[in-house]
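Enquirer:
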Amino acid sequence: MKIAVLSRNPRLYSTRRLVEAGTERGHEMVVIDTLRAYMNIASHKPQIHYRGKPLEGFDAVIPRIGASVTFYGCAVLRQFEMMGVFPLNESVAIARSRDKLRSLQLLSRRGIGLPVTGFAHSPDDIPDLIAMVNGAPLVIKVLEGTQGIGVVLCETATAAESVIEAFMGLKQNIMVQEYIKEAGGADIRCFVVGDKVIASMKRQAKPGEFRSNLHRGGSASLIKITPQERMTALRAAKVMGLAVAGVDILRSNHGPLVMEVNSSPGLEGIETTTSKNVAGMIIEHLEKNGGPNMTRTKGKG
Ligand code: ADP
Ligand code: MG
Numbered sequence: 001m002k003i004a005v006l007s008r009n010p011r012l013y014s015t016r017r018l019v020e021a022g023t024e025r026g027h028e029m030v031v032i033d034t035l036r037a038y039m040n041i042a043s044h045k046p047q048i049h050y051r052g053k054p055l056e057g058f059d060a061v062i063p064r065i066g067a068s069v070t071f072y073g074c075a076v077l078r079q080f081e082m083m084g085v086f087p088l089n090e091s092v093a094i095a096r097s098r099d100k101l102r103s104l105q106l107l108s109r110r111g112i113g114l115p116v117t118g119f120a121h122s123p124d125d126i127p128d129l130i131a132m133v134n135g136a137p138l139v140i141k142v143l144e145g146t147q148g149i150g151v152v153l154c155e156t157a158t159a160a161e162s163v164i165e166a167f168m169g170l171k172q173n174i175m176v177q178e179y180i181k182e183a184g185g186a187d188i189r190c191f192v193v194g195d196k197v198i199a200s201m202k203r204q205a206k207p208g209e210f211r212s213n214l215h216r217g218g219s220a221s222l223i224k225i226t227p228q229e230r231m232t233a234l235r236a237a238k239v240m241g242l243a244v245a246g247v248d249i250l251r252s253n254h255g256p257l258v259m260e261v262n263s264s265p266g267l268e269g270i271e272t273t274t275s276k277n278v279a280g281m282i283i284e285h286l287e288k289n290g291g292p293n294m295t296r297t298k299g300k301g
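Numbering-wise (UniProt numbering), the sequence shown opens with residue 1 and increments by one.
1. Our contact map puts Val278 next to Ile112 with C-beta atoms below 8 Å; I'd like the distance itself, whole angstroms only.
2. Counting only the same chain and skipping the five closest in sequence on each side, list residues whose C-beta sits under 7 Å from that of Leu234.
3. From this set, Gln47, Tyr38 and Pro63, which residue's C-alpha is nearest Met29's C-alpha?
4. Return the chain-ordered ranges of every alpha helix (DSSP H) run that is complete within the stretch 40–95 and spans a minimum of 4 residues.
5. Is the closest heavy atom of the ligand MG to the C-beta of Asp99 under 8 Å?
6. Is the beta carbon of Pro127 less than 9 Å from the beta carbon of Thr156?
7. CB Asn89 to CB Ser200, shorter than 9 Å?
8. Do you know whose CA, among Ser275, Ile32, Leu114 and Ile164, lies nearest Leu55's CA?
9. With respect to 8 Å, is the separation between the Cβ of Met201 and the closest non-hydrogen atom of the ligand MG below this value?
10. Can you tell me whether Leu101 is buried or exposed, with buried defined as 16 or more other CB within 10 angstroms of its CB?
11. Any residue with its Cβ nearer than 7 Å to a heavy atom of the ligand MG should be included. What is that list in chain order?
12. Measure the C-alpha to C-alpha separation of Ile188 and Val247 and round it to an integer number of angstroms.
13. My understanding is that Met168 touches Ser122, with C-beta atoms under 8 Å, so please give their C-beta distance in whole angstroms.
14. By Cβ distance below 6 Å, which residues in the same chain neighbour Ile3 in space, the five residues on each side in sequence not counted?
15. With DSSP as the reference, identify every bridge partner of Asp124, one or two as the case may be.
16. Can you tell me whether DSSP reads Gln204 as helix, strand or coil?
17. Would the stretch 167–185 count as touching the stretch 136–152 if we require 3 or more Cβ pairs under 8 Å?
18. Where in the stretch 156–197 do unbroken runs of the beta strand (DSSP E), each at least 3 residues long, occur, reported from the N-terminal end onward?
19. The alpha helix (DSSP H) that contains Met1, what's its start and end?
20. From the DSSP output, in three-state form, read off Ala245 for me.
21. Quick one: what's Val258 bridged to in DSSP?
22. Are Ala236 and Gly269 close, meaning C-beta to C-beta below 9 Å?
23. Quick test of your reading: Thr34 and Tyr72, contact by CB under 8 Å. State the CB separation rounded to the nearest angstrom.
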């Protein structure tokens with residue numbers, strides 16, 4: 001197959017590994033810098049141009065679209081879909097997963113376990129918002145945050161009120177969430193490919209920290225997930241419409257709670273921790289499911 005990898009940087013671990021795994025399995029791998037591609041939409045024959053030439057003959061495309069380029073990246077991916085190129089994850093599903101409020105609403109509608117969560121922009125009654133999520137301690141999150149930045153643990157209602165007021169002053173959309181203390185500063189990343197959790201790892205926050213993000217000094221280790229956790233991760237990916245997803249789960253004393261569903265999960269942590277060829281399994285998934293005109297939505301909906 002001829003496979004495009006949409007990525008801003010060919011030197012990133014995930015991009016390199018996908019190219020390597022694809023090449024190993026006999027495919028032609030081409031990295032395309034998402035923001036450099038330009039498109040022709042006003043024609044019966046949609047095209048993408050890159051470095052002065054139309055992109056042609058691709059069978060599949062692997063989107064590795066960073067949060068900061070979601071808008072343009074999804075447009076490029078949609079154009080590939082309109083050209084009949086099979087996407088690893090569809091543009092519609094990626095756009096859906098990037099909207100945290102919409103994602104949680106979709107997951108809750110399907111009865112997937114979530115921490116009790118409130119959304120707000122400029123709440124007119126902050127104590128009531130805090131009461132809505134069962135009071136302190138609670139976690140406040142800025143919607144646009146990543147890598148744990150903008151995630152604050154408030155031990156008391158007074159602290160929570162001040163933090164909410166501060167974010168209101170900054171005109172930020174926020175999430176107010178029940179604090180899952182019993183998770184003990186750990187979460188579980190389940191890596192879903194197709195209808196399987198192909199790898200999973202536990203991330204543990206460093207002492208004195210509740211955020212398990214590796215960028216915040218957390219450490220990763222192997223973990224055996226329960227059948228219920230496996231089922232939860234698969235269902236969450238399915239609800240989002242993602243063939244490949246990183247589903248982050250908190251272990252609560254009333255079962256697994258989904259915190260986040262990531263549509264471009266990184267490969268470095270999971271491959272290093274589990275010693276699995278995750279990139280190879282992604283390519284294998286494309287071999288089994290890809291093909292001309294196999295994209296379901298072609299950017300519709
Ligand atoms: P980001 O998108 O910045 O990674 P997350 O929502 O994943 O933000 O939160 C960062 C980390 O904080 C999580 O990996 C988890 O360890 C911890 N955390 C987040 N929400 C909760 C919660 N409701 N209860 C307990 N720990 C949480
Ligand atoms: Mg996270």
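Where a beta carbon is used, it is the ideal one built from N, C-alpha and C, also for glycine.
Keep in mind the model is a prediction, meaning the values are calculated, not measured.
Expert: So, to answer that:
1. For the purposes of this step, residue 278 is identified with residue 278 of the sequence shown, where counting begins at 1. For the purposes of this step, residue 112 is identified with residue 112 of the sequence shown, where counting begins at 1. Incorrect: roughly 24 Å between the Cβ atoms, too far for contact.
2. Reading the sequence shown from its first residue, position 234 is the one you call residue 234. Cβ neighbours of Leu234 beyond the five flanking positions: Val192, Asp195 and Val197.
3. Here residue 29 is taken as the residue at index 29 of the sequence shown, counted from 1. Selected option, being the one with the closest Cα: Pro63.
4. 70–82
5. In the sequence shown, counting from the first residue as 1, residue 99 sits at position 99. Not under cutoff, so the answer is no.
6. In the sequence shown, the residue the question calls residue 127 occupies position 127. In the sequence shown, the residue the question calls residue 156 occupies position 156. Contact: no.
7. Locating residue 89 in the sequence shown gives position 89, counting from the first residue. Locating residue 200 in the sequence shown gives position 200, counting from the first residue. Cβ atoms of Asn89 and Ser200: not closer than 9 Å.
8. By one-based count along the sequence shown, residue 55 stands at place 55. Closest option to Leu55, Cα to Cα, is Ile32.
9. Translated into positions along the sequence shown, residue 201 becomes position 201. No, Cβ of Met201 sits at least 8 Å from all heavy atoms of the ligand MG.
10. One-based indexing of the sequence shown puts residue 101 at position 101. The residue in question, Leu101, is exposed, as its Cβ has fewer than 16 Cβ neighbours within 10 Å.
11. Gly148, Asn213, Asp248, Met259 and Glu260
12. Translated into the one-based positions of the sequence shown, residue 188 becomes position 188. Translated into the one-based positions of the sequence shown, residue 247 becomes position 247. Their Cα atoms are separated by approximately 8 Å.
13. Along the sequence shown, read from residue 1 onward, the residue named residue 168 stands at position 168. Along the sequence shown, read from residue 1 onward, the residue named residue 122 stands at position 122. Their Cβ separation, rounded to whole angstroms, is 5 Å, which keeps Met168 and Ser122 in contact under 8 Å.
14. Along the sequence shown, one-based indexing puts residue 3 at 3. Cβ neighbours of Ile3 beyond the five flanking positions: Gly22, His27, Met29 and Ala60.
15. Walking along the sequence shown from the start, residue 124 turns up at place 124. In DSSP, Asp124 forms no bridge with anything.
16. For this step, residue 204 is matched to residue 204 along the sequence shown. Strand, per DSSP.
17. yes
18. Here the runs fully enclosed are 174–178 and 186–193.
19. Locating residue 1 in the sequence shown gives position 1, counting from the first residue. Met1 -> no alpha helix (DSSP H), and no H or E assigned at all.
20. Position 245 of the sequence shown holds residue 245. The answer is strand: DSSP assigns Ala245 an E or B state.
21. As a position in the sequence shown, residue 258 is number 258, starting the count at 1. Answer by DSSP bridge pairing, in chain order: Ile249.
22. Sequence index remark: in the sequence shown, residue 236 carries index 236 (1-based). Sequence index remark: in the sequence shown, residue 269 carries index 269 (1-based). No. Outside cutoff.
23. Sequence index remark: in the sequence shown, residue 34 carries index 34 (1-based). Sequence index remark: in the sequence shown, residue 72 carries index 72 (1-based). Contact flag correct, Cβ pair sits at about 7 Å.
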